[in-house]
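J.: Here it is, the structure in full.
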């Protein structure tokens, strides 16, 4: 499965199972998958799914066909009989129109609800761009998917912060799952871990959750100015073209809010998180701090206080021998304080580019595995 | 819930739900629980269950009554109508006979199968002492429970190493669960974490998994001789009376074998793990190593080699700034290498005494939550 991201460029992919597999359909359920947003994450996901098709079928009794793809560039495409993975991944190239038409019938619809219906969606993979302030349009997409009767799986943090309880309750009412493992720590199963910890009480957490700033701080310690460090992070494929959300601490704050909302069951607004980015730090200050044994890190913190939670995102000096000081590059770290486990920490070192897409694949298995009975 | 172990001595416990709760029995399933071995782990578990009775009922629709307790001292006790938690925990005191008889009907049976049948067991909590070489008698207990039609939950590593595939397949054939989260890292959900990672390939792992030797090595670095360091670990409640299994690396080797067997799906015998304990280390050697920046740790390692796995348990010098060097006292650490996550590490700091029992409680919820349909 580690080959997946390389396969993106090779276009050497197994086909998604075709509807002709009806002999096995009695035992192996075929799920109609729809992909909203077709950038790196969903494209890698298509490859991962093709890569582990045999394992999903043999081990979990799960088969799939891709019946919908939508993005700003592609519009709302439907292939109710199943689109083939190889053609889809060819969309990676510039010849979108050409790739799209290779043997695939793909009519348009004009909005998300019609699209989900025409594609007979069982699962929506939502991976549009994050709007920190509103959670849109991802929020509307997820609501539409659940109301249509599909599981909703997102890599988008916005909907959790802005509408977690509504979406969770809507999913429960429809007997579907709303899952979002890829939103924090690139698909490391944080939310699933706590789902496995009944009756535990999370008192607080701290950690490093934004890779872009972590890479930038490391480069600035070596003497680069912020802008040059950012360019390096972009060249590494870690930072996006517009890194404002990262540098000003918004991305880390949204992740912090998501963890508080879901794992501590406390509603918190983004503006309630004390937020400070890395814009005011100079290479000199960073170098001195590292030299003195107390390097700067952009640290997320949350702690129960009364019925609420006090939370912050800010550059902090951390002891050089502490676990957080060792988190370099695109690695991340989360330390949880619970009643049963006083200190439980997860470290993710140098995740591959497919880790986020993998988190969505794992969510797919979770959603259909636990609902094997419905059809 | 953190109060549980303290409550052991106070005896201030809610009662287990009585059979009179039949109004709710249509929605809330009452499970008959049996406890085999009644030392610290199962006793603490009884307290934890009482502590979170309301949450189990309200959040998971799970209720229970305790219908069987067995140990070498108590024999095979049955209370088909439910034994009350307060009386059971009173068994902690020396007045076993007195405590047992407080209002509870508790006839004897003479073996595990009759006992499970008389107690109409839905779940067995197996926590007898570990026999490293055979996995007995835990193995027979678990086999009997699954054949009776109960979920089998154990804190015992032996049966995994000696009969994992047989027990896993037997559980699957009976539609029951065989769960053992407490066997490694005191109930931190290691096995459950990987159960949430479909289609991932574990290439290898390393870590520190034996608390007794970790405490002893720390004390010896301060100058204590092995025997005195062991006494200190025993006084802290970390080491058992007979710590041979720990000091000679057996406990760490069994845990390593369990992880390899379950998570890497490779059969390995204990004798295939290169095993070296801490008996030959002197306080002087340990002090020098720490002073030189390369302290000794008892490290477990596993790595795929061809179709097999190469594994070892041995004292190793680790770099003072590495994560393993920071693992002190009863803390533990596991670093996993996988295809998707090149490095994924879990650290458990200073687990409370209830962590192992908690792992069994979480297994209970997992087993009955995923099988809500059967009855």
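Residue numbers (the working numbering), protein chains in the order written: chain A, 20 to 394; chain B, 20 to 394. C-beta atoms are modelled at their ideal positions from N, C-alpha and C, and glycine is treated no differently.
1) Among B:47, B:134 and B:297, whose alpha-carbon lies nearest the alpha-carbon of residue 265 (chain B)?
2) Measure from the C-beta of residue 193 (chain B) to each C-beta in chain A and report whether the shortest distance is under 8 Å.
3) Kindly say whether residue 183 (chain A), judged by its beta-carbon, lies nearer than 8 Å to any beta-carbon of chain B.
4) Give me the chain A residues within the contact set of residue 385 (chain B), using Cβ-Cβ distance strictly less than 9 Å, ordered along the chain.
5) Got a sec: which bits of the segment 347–377 of chain A sit with their beta carbon under 7 Å from any beta carbon on chain B, in order along the chain?
6) Hey, could you find the ends of the alpha helix (DSSP H) residue 134 (chain A) is sitting in?
7) How about residue 164 (chain A) and residue 143 (chain A): do their beta carbons lie closer than 8 Å?
8) For a test of the three-state rule: what should DSSP assign to residue 144 (chain B), helix, strand or coil?
9) So with Cβ pairs under 8 Å, would you call residue 337 (chain A) a contact of chain B?
10) How many Å lie between residue 230 (chain A) and residue 146 (chain B) at the Cα?
11) Residue 72 (chain B) to residue 75 (chain A), Cα distance in whole Å?
12) Which residues mark the beginning and the end of the alpha helix (DSSP H) in which residue 209 (chain B) is found?
13) Just to confirm, are residue 367 (chain A) and residue 363 (chain B) a CB contact at a threshold of 8 Å?
14) Does the segment 205–225 of chain B come close enough to the segment 272–283 of chain B that 3 or more CB-CB pairs lie under 8 Å?
15) Would you mind telling me which residues of chain B sit closer than 9 Å to residue 340 (chain A), beta carbon to beta carbon, in chain order?
16) Grouping DSSP H, G and I as helix and E and B as strand, with all else coil, what is residue 379 (chain B)?
17) Examine chain B for any beta-carbon lying closer than 8 Å to the beta-carbon of residue 79 (chain A), and answer yes or no.
18) Counting C-beta neighbours from all protein chains within 10 Å, is the total for residue 77 (chain A) 16 or more, i.e. buried, or is it exposed?
19) Can we say the segment 192–205 of chain A touches the segment 167–175 of chain A, given the rule of at least three CB pairs closer than 8 Å?
20) Say whether the segment 215–229 of chain A touches the segment 319–329 of chain A, bearing in mind that this needs 3 or more beta-carbon pairs closer than 8 Å, one atom from each stretch.
21) Just grab the DSSP bridge partners of residue 335 (chain A) for me.
22) What are the boundary residues of the alpha helix (DSSP H) that includes residue 161 (chain A)?
23) Roughly how many whole angstroms lie between the Cα atoms of residue 271 (chain B) and residue 258 (chain B)?
24) With a 10 Å radius around its C-beta and 16 neighbouring C-beta atoms as the bar for buried, classify residue 290 (chain A) as buried or exposed.
25) Which residues, in chain order, does the segment 52–79 of chain B contribute to contact with chain A at a C-beta distance below 9 Å?
26) Please check if any C-beta of chain B sits within less than 8 Å of the C-beta of residue 228 (chain A).
27) Excluding the 5 residues preceding and the 5 following residue 388 (chain A) in the sequence, name in chain order all residues of the same chain whose CB lies nearer than 8 Å to its CB.
28) Taking any Cβ of chain A, which residues in the segment 234–251 of chain B have a Cβ under 7 Å from it, in chain order?
29) What are the start and end residues of each continuous beta strand (DSSP E) run of 3 or more residues lying completely inside the segment 55–116 of chain A, in chain order?
30) Using beta carbons (cut-off 8 Å, strictly below), is residue 211 (chain A) in contact with chain B?
31) Under the rule that 16 or more other beta-carbon atoms within 10 Å means buried, what is residue 96 (chain B), buried or exposed?
32) Taking C-beta to C-beta, are residue 205 (chain B) and residue 370 (chain B) nearer than 8 Å?
33) For residue 140 (chain A) versus residue 128 (chain A), is the C-beta distance shorter than 8 Å?
34) Where do the N-terminal and C-terminal ends of the beta strand (DSSP E) with residue 222 (chain A) fall, by residue?
35) I need the DSSP call for residue 353 (chain A), collapsed to helix, strand or coil.
36) Starting from residue 278 (chain B), trace the beta strand (DSSP E) both ways and give me its first and last residue.
T.: Based on what the coordinates show:
1) Start at 1 with the first residue of the second chain, and residue 265 (chain B) comes out as number 246. It is B:297.
2) By 1-based counting over the second chain, the position of residue 193 (chain B) is 174. No, no contact with chain A.
3) Here residue 183 (chain A) refers to the residue found at position 164 of the first chain. Chain B contact via Cβ: absent.
4) Residue numbering aside, residue 385 (chain B) sits at position 366 when the second chain is read from its first letter. Going along chain A in sequence order, the residues near residue 385 (chain B) (Cβ under 9 Å) are 215 and 217.
5) 358, 359, 360, 361, 362, 363, 364, 365, 366, 367, 368, 369, 370, 371, 373, 374 and 377
6) The residue labelled residue 134 (chain A) in the question sits at position 115 within the first chain. Where residue 134 (chain A) is concerned, the enclosing alpha helix (DSSP H) stretches over 131–137.
7) For this step, residue 164 (chain A) is matched to residue 145 along the first chain. For this step, residue 143 (chain A) is matched to residue 124 along the first chain. Cβ atoms of residue 164 (chain A) and residue 143 (chain A): closer than 8 Å.
8) Reading the second chain from its first residue, position 125 is the one you call residue 144 (chain B). In the structure shown, residue 144 (chain B) sits in a strand (DSSP, three-state: E or B).
9) Translated into positions along the first chain, residue 337 (chain A) becomes position 318. No, residue 337 (chain A) does not count as interfacial toward chain B.
10) Within the first chain, the letter at position 211 stands for residue 230 (chain A). Within the second chain, the letter at position 127 stands for residue 146 (chain B). Cα to Cα, residue 230 (chain A) sits roughly 43 Å from residue 146 (chain B).
11) On the second chain, position 53 is the one that residue 72 (chain B) refers to. On the first chain, position 56 is the one that residue 75 (chain A) refers to. Using only the alpha carbons, I get a separation of about 37 Å.
12) As a position in the second chain, residue 209 (chain B) is number 190, starting the count at 1. Start and end: 209–214.
13) Here residue 367 (chain A) refers to the residue found at position 348 when the first chain is read from its first residue. Here residue 363 (chain B) refers to the residue found at position 344 when the second chain is read from its first residue. Yes, the Cβ-Cβ distance between residue 367 (chain A) and residue 363 (chain B) is below 8 Å.
14) yes
15) The residue you call residue 340 (chain A) lines up with position 321 of the first chain. Result: 339, 340 and 345.
16) For the purposes of this step, residue 379 (chain B) is taken as residue 360 along the second chain, with counting starting at 1. It is helical.
17) The sequence position of residue 79 (chain A) within the first chain is 60, counting from 1. Judged by the 8 Å Cβ criterion, residue 79 (chain A) is in contact with chain B.
18) Within the first chain, numbered from 1, the residue matching residue 77 (chain A) stands at position 58. Exposed: under 16 other Cβ atoms inside 10 Å.
19) yes
20) yes
21) As a first step, residue 335 (chain A) is located in the first chain; it is residue number 316 there, counting from the start. Answer by DSSP bridge pairing, in chain order: A:316.
22) The sequence position of residue 161 (chain A) within the first chain is 142, counting from 1. Residue 161 (chain A) -> alpha helix (DSSP H) spans 157–167.
23) For the purposes of this step, residue 271 (chain B) is taken as the residue at position 252 of the second chain. For the purposes of this step, residue 258 (chain B) is taken as the residue at position 239 of the second chain. Going by the C-alpha atoms only, they are around 14 Å apart.
24) Taking the first residue of the first chain as 1, we reach residue 290 (chain A) at position 271. Exposed.
25) 67, 70, 71, 74, 75, 78 and 79
26) What you label residue 228 (chain A) is simply residue 209 of the first chain in a count that begins at 1. No, its Cβ sits nowhere closer than 8 Å to a Cβ of chain B.
27) On the first chain, residue 388 (chain A) is found 369 positions in, with the first residue counted as 1. Excluding residues within five positions, the ones whose Cβ falls inside 8 Å are 79 and 81.
28) none
29) 81–90 and 94–102
30) The count along the first chain starts at 1 and reaches residue 211 (chain A) at position 192. It does; some Cβ of chain B falls within 8 Å.
31) As a working mapping, residue 96 (chain B) is identified with position 77 in the second chain. Classification for residue 96 (chain B): buried.
32) As a position in the second chain, residue 205 (chain B) is number 186, starting the count at 1. As a position in the second chain, residue 370 (chain B) is number 351, starting the count at 1. Yes. Within cutoff.
33) One-based indexing of the first chain puts residue 140 (chain A) at position 121. One-based indexing of the first chain puts residue 128 (chain A) at position 109. No, the pair does not count as a contact, with Cβ atoms beyond the cut-off.
34) Position 203 of the first chain, counted from the first residue, corresponds to residue 222 (chain A). Segment 221–227, the beta strand (DSSP E) holding residue 222 (chain A).
35) For the purposes of this step, residue 353 (chain A) is identified with residue 334 of the first chain, where counting begins at 1. The answer is strand: DSSP assigns residue 353 (chain A) an E or B state.
36) Position 259 of the second chain, counted from the first residue, corresponds to residue 278 (chain B). First-last for residue 278 (chain B): 269–282, but that is the alpha helix (DSSP H), not the beta strand (DSSP E).
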